[in-house]
């Protein structure tokens, strides 16, 4: 291991790391919004939309992100839809993440006993108020562990973006290995970069989970 | 509209080649799944031992393998380990090793979780009615553990199958790579090949994974209580 080489590589990885984090962040926020909408549609069984989201969720959960990206990046231009690799990455991540987030929220919603909803209504709350003040706070607190697992899963999935020529961490490592044969250094920096990104996130969620467990009921 | 892109699928042996590629994907997944299920059960049992040294070692292994993207692990194995130890690994072998290491960690954690979720009074009640340790394990603990474990383990299988798509990136000729070869070969004759080939591969993965994940969902529902 040559530390001179590593020092030279740091700015490259820093840049790629920032790009990875940025895409992951946009993708995750998008996934949360998409997942939230889908879970509400599924939970309240809104006609037509209910079936469409069902098909979407099964398609997205049972196919790999790499193939989804290849389809977006290499397939769609053939019918005139040209996406940049960055847009592709974000669209792909939201497509994948939306379904996972949706399932996480939905299992949270379904874990709430019906009696809670009924009590809310019998107290004279409107349906919207029941959702807002009774269902959502509990559902969110229940789905935190699944949610946290999904966030980490999605950050990890960003490593696939190098395949559609996004200059992220994986891509940088691949280029450095190919150009300079400093394989050890390039891979070492790759591992470090992902640890730097993922360890704090993972630690934060563990902490959050412990805090939220007190907010739960009974168990 | 000159040449319909879908024709490329049925030109020559293209579709058969894709299916062969899919078969390699399934073979690699199958081998890794079998290995990681068996090793994962052992790993899970080891993780329930209350020894600080074992705890730290298993924890570090689990966290590292889990937190690293699988593609990074594949690169480490395929480029890093081979160079560091001056050995030659084919992409297939590297993939199976990585997926086994990763699957063992995931499976180990599932087994640990399932074992630890069995309330202590189940053991005690078993003892109180005079069962031997083996009987308690066979008739009380095992059936309950399996019910919690099997749906999650099946889900892990679909995740492993999906992740095998990454091995095209370390030059294993499986379904994705075959697709790329077909697209490359028909670039000039059928410009829209990419759309059809990637679309086909997309549904191939879906057809393989969907029944498995349905099975998991059904078992989960059936065994809820």
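Residue numbers (our numbering), protein chains in the order written: chain H, 456 to 674; chain L, 26 to 250. Ideal placement from N, C-alpha and C gives every residue a C-beta, glycine not left out. The model shown is predicted, which means the values in this text are computed figures rather than measured ones.
List the residues of chain L that residue i touches, going by C-beta distances under 7 Å, in chain order.
i: residue 592 of chain H; result: Chain L residues near residue 592 of chain H: none, gap ~25 Å exceeds 7 Å.
i: residue 526 of chain H; result: 223, 224, 227
i: residue 614 of chain H; result: 94, 96, 97
i: residue 546 of chain H; result: Chain L residues near residue 546 of chain H: none, gap ~15 Å exceeds 7 Å.
i: residue 642 of chain H; result: 100, 101, 104, 105
i: residue 632 of chain H; result: 104
Residue i versus chain H: which residues are under 7 Å apart at the beta carbon?
i: residue 226 of chain L; result: 522
Return the CA-CA distance between residue i and residue j, expressed in angstroms with no decimal places.
i: residue 598 of chain H; j: residue 198 of chain L; result: 39 Å
i: residue 640 of chain H; j: residue 648 of chain H; result: 12 Å
i: residue 521 of chain H; j: residue 656 of chain H; result: 24 Å
i: residue 505 of chain H; j: residue 67 of chain L; result: 42 Å
i: residue 409 of chain H; j: residue 631 of chain H; result: Since the first and last residues shown for chain H are 456 and 674, residue 409 of chain H lies out of range.
i: residue 75 of chain L; j: residue 581 of chain H; result: 52 Å
i: residue 109 of chain L; j: residue 206 of chain L; result: 31 Å
i: residue 181 of chain L; j: residue 548 of chain H; result: 20 Å
i: residue 474 of chain H; j: residue 616 of chain H; result: 11 Å
i: residue 34 of chain L; j: residue 539 of chain H; result: 27 Å
i: residue 183 of chain L; j: residue 238 of chain L; result: 7 Å
i: residue 468 of chain H; j: residue 612 of chain H; result: 18 Å
i: residue 46 of chain L; j: residue 201 of chain L; result: 7 Å
i: residue 114 of chain L; j: residue 159 of chain L; result: 43 Å
i: residue 642 of chain H; j: residue 621 of chain H; result: 18 Å
Given the structure, does residue i come close to the ligand ADP, in the sense that its CB is under 8 Å from one of the ligand's heavy atoms?
i: residue 205 of chain L; result: The ligand ADP is not among the ligands present in this structure, which contains no ligands whatsoever.
Of all Cβ atoms in chain L, is any one closer than 9 Å to the Cβ of residue i?
i: residue 476 of chain H; result: no
i: residue 638 of chain H; result: yes
i: residue 602 of chain H; result: no
i: residue 517 of chain H; result: yes
i: residue 556 of chain H; result: no
i: residue 673 of chain H; result: Note that residue 673 of chain H has pLDDT 45, beneath the 50 cutoff, so the model's placement of it is unreliable and no number is given.
i: residue 581 of chain H; result: no
i: residue 597 of chain H; result: no
i: residue 667 of chain H; result: no
i: residue 662 of chain H; result: no
i: residue 607 of chain H; result: yes
So with CB distances below 8 Å, who are the chain L contacts of residue i?
i: residue 562 of chain H; result: Here the premise fails: no neighbours, minimum Cβ distance about 11 Å.
i: residue 646 of chain H; result: 93, 97, 101
i: residue 655 of chain H; result: Going along chain L, no residue has its Cβ under 8 Å from residue 655 of chain H, so there is no contact; the nearest lies around 11 Å.
i: residue 500 of chain H; result: In chain order: nothing, as chain L lies at least about 17 Å away.
Under 9 Å between C-beta atoms, does residue i make it to chain H?
i: residue 201 of chain L; result: yes
i: residue 255 of chain L; result: Only positions 26 to 250 of chain L appear in this structure, which leaves residue 255 of chain L out of reach.
i: residue 105 of chain L; result: yes
i: residue 108 of chain L; result: yes
i: residue 208 of chain L; result: yes
i: residue 187 of chain L; result: yes
Reducing DSSP to helix, strand and coil, say where residue i ends up.
i: residue 147 of chain L; result: helix
i: residue 115 of chain L; result: coil
i: residue 31 of chain L; result: coil
i: residue 57 of chain L; result: helix
i: residue 76 of chain L; result: coil
i: residue 639 of chain H; result: helix
i: residue 173 of chain L; result: helix
i: residue 652 of chain H; result: helix
i: residue 517 of chain H; result: coil
i: residue 225 of chain L; result: helix
i: residue 500 of chain H; result: coil
i: residue 197 of chain L; result: coil
i: residue 26 of chain L; result: With a pLDDT of 43 at residue 26 of chain L, under the threshold of 50, the modelled position of this residue cannot be trusted, and the question is left open.
i: residue 249 of chain L; result: coil
i: residue 621 of chain H; result: coil
i: residue 566 of chain H; result: coil
i: residue 168 of chain L; result: helix
i: residue 560 of chain H; result: helix
Residues of chain L with CB closer than 9 Å to the CB of residue i, please, in chain order.
i: residue 513 of chain H; result: 231, 235, 238, 239
i: residue 649 of chain H; result: 92, 93, 94, 97
i: residue 487 of chain H; result: Within 9 Å Cβ-Cβ: nothing; residue 487 of chain H doesn't reach chain L, min ~21 Å.
Would you mind telling me which residues of chain H sit closer than 9 Å to residue i, beta carbon to beta carbon, in chain order?
i: residue 144 of chain L; result: Those within 9 Å of residue 144 of chain L in chain H number zero; the least Cβ separation is about 12 Å.
i: residue 183 of chain L; result: 516, 517
i: residue 216 of chain L; result: 533
i: residue 220 of chain L; result: 526, 529, 530, 531, 532, 533, 534
Are any of the Cβ atoms in chain B nearer than 9 Å to that of residue i?
i: residue 193 of chain L; result: Given the protein chain composition of this structure (H and L), no chain B is represented.
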